[in-house]
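Q:
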Amino acid sequence: MNNRIRELRSQSNMTQEQLAEFVGVSRQSIIAIENQRYNPSLELAYKISKVFCKSIEEVFIFDGEAE
Numbered sequence: 087m088n089n090r091i092r093e094l095r096s097q098s099n100m101t102q103e104q105l106a107e108f109v110g111v112s113r114q115s116i117i118a119i120e121n122q123r124y125n126p127s128l129e130l131a132y133k134i135s136k137v138f139c140k141s142i143e144e145v146f147i148f149d150g151e152a153e
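This is the structure in structure tokens:
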């Protein structure tokens, strides 16, 4: 699953550490999600999308293949 987290963080002048604090995870988790090494839970995806005032679909792009 692709995502726009890095792009949205940049637009918001937000660090990985700040995003991690907002959603209650480690900076390493944000790095893994941004680099597509980890797919977040639905709850975490929701929290991340709300930080950026976007829908989940606007932040996370499902590529159509099973992972």
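Residue numbers for the sequence shown follow my numbering, so the first one is 87 and each next one is one higher. Every residue gets a Cβ at the ideal spot worked out from N, C-alpha and C, and that includes glycine. Fair warning: this is a prediction, and the values are worked out from it, not measured in the lab.
1) Which residues mark the beginning and the end of the alpha helix (DSSP H) in which SER98 is found?
2) What is the DSSP secondary structure of PHE146, reduced to helix, strand or coil?
3) Who does ASN89 pair with in a DSSP beta bridge?
4) Quick one: residues in its chain with C-beta nearer than 7 Å to the C-beta of ALA152, no 5 flanking neighbours on either side, listed in chain order?
A: With the given structure in hand:
1) If you number the sequence shown from 1, residue 98 lands on position 12. Note, SER98: premise wrong, no alpha helix (DSSP H); not H, not E.
2) Here residue 146 corresponds to residue number 60 of the sequence shown, with the count starting at 1. PHE146: strand per DSSP, three-state reduction.
3) For the purposes of this step, residue 89 is taken as the residue at position 3 of the sequence shown. Answer is PHE146.
4) Along the sequence shown, read from residue 1 onward, the residue named residue 152 stands at position 66. Unreliable placement is indicated for ALA152, whose pLDDT of 46 sits below 50; the coordinate value is still reported in the next sentence. Cβ within range, chain order: n/a, list empty.
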